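Colleague: Provided herewith is a single structure, encoded as structure tokens, for subsequent inquiry.
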Amino acid sequence: MHTLTERDIRASLINVSQRERASLLLPALDELPWDRLDYLGWRDRKQPMVGCVITLLDDEPTGIVLRQSEGRIRARPQCSWCEDVTLPNDVVMFSARRAGKAGRNGDTVGTLVCAEFQCPANVRRPAPPAYIGFDQAAERERRIQALRVHVDNFVRDIRDSA
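For the sequence shown, position 84 (counting from the first letter as 1) is numbered 87 according to the working numbering, and the numbering increases by one without interruption.
Here is the structure:
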């Protein structure tokens, strides 16, 4: 992912109102490891149940705002984006309002995602060798590409409902 400015981020958000867009607290952009991010994800410190995700769709930043479900998940779930089964972090249910008229009518989409959006770090951890001759570098690259596809498809689903 390339470096984004505050203006880029706020302008990219497709499923929020102008007021919601302006009220979001952004992460410290100058401290982010942009070269190791497949998407930008963060939790709003002011609104702990709110998260934001920005990805590049057709080389344009496209962002969504998600809300964490209030309910508890009984079993330890797998993240739908990084698909890591040995997660060092929690996975929670997030829902996102669809863009446009569908979202204004209350239509939402849900997904299970790492609570603090740690997926880019998770897919870069070395995978345990599955067999003799297992190519860890190739598996790491496959996981990175799969993460990008999963996130892009989720955001595209939110965007294309408008």
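Backbone N, C-alpha and C define an ideal beta-carbon position, used for all residues, glycine too. Since the model is a prediction, treat every value here as computed from it, not as a measurement.
Short of 7 Å in beta carbon distance, which residues of its chain neighbour T58, apart from the five on each side in sequence? Order them along the chain.
Modeller: The residues are Y42, T65, V154, D155, V158.
Colleague: For C117, report the span of its beta strand (DSSP E) as first-last.
Modeller: Here the beta strand (DSSP E) through C117 covers 111-117.
Colleague: Please determine, among A149, N125, S98, the residue with the shortest C-alpha to C-alpha distance to I67.
Modeller: Taking only the C-alpha atoms, the option nearest I67 is S98.
Colleague: Please state the DSSP three-state secondary structure of I149.
Modeller: For the record, residue 149 in the displayed sequence is Ala; it is not Ile. A149: helix per DSSP, three-state reduction.
Colleague: Start and end of the alpha helix (DSSP H) containing G103?
Modeller: Run containing G103: 103-107, per the alpha helix (DSSP H) assignment.
Colleague: Can you tell me the Cα-Cα spacing of A31 and R39, whole angstroms?
Modeller: Taking the straight line from one Cα to the other gives about 16 Å.
Colleague: Which runs of the beta strand (DSSP E), 3 residues or longer, sit entirely within the stretch 47-96?
Modeller: Fully enclosed beta strand (DSSP E) runs of 3 or longer: 53-60, 63-71.
Colleague: I need the boundaries of the alpha helix (DSSP H) containing R22, first residue and last residue.
Modeller: It spans 21-26 - the alpha helix (DSSP H) in which R22 sits, taken as one unbroken run.
Colleague: Return the residue from the list A140, C122, R127 that minimises the CA-CA distance to V1.
Modeller: It is not possible to answer for residue 1, since the shown part of the chain is limited to 4 through 165.
Colleague: Tell me the rounded alpha-carbon separation between T8 and L29.
Modeller: If you take the alpha carbons of T8 and L29, they lie about 10 Å apart.
Colleague: Report the residue from L60, G103, D47 whose alpha carbon sits nearest the alpha carbon of H5.
Modeller: If we check each option's Cα against that of H5, L60 comes out closest.
Colleague: If you reduce the DSSP assignment to three classes, tell me which class R39 lands in.
Modeller: In this structure, R39 counts as helix in the three-state DSSP scheme.
Colleague: Suppose you measure from the CA of Q71 to the CA of G54; what does that come to, to the nearest Å?
Modeller: Cα-Cα distance, rounded: 8 Å.
Colleague: Among residues of its own chain, excluding the 5 on either side of A25, which ones have a beta-carbon nearer than 8 Å to its beta-carbon?
Modeller: Counting only Cβ-Cβ distances below 8 Å, and skipping sequence neighbours, we find R13.
Colleague: Tell me where the alpha helix (DSSP H) around S15 begins and ends.
Modeller: Run containing S15: 9-15, per the alpha helix (DSSP H) assignment.
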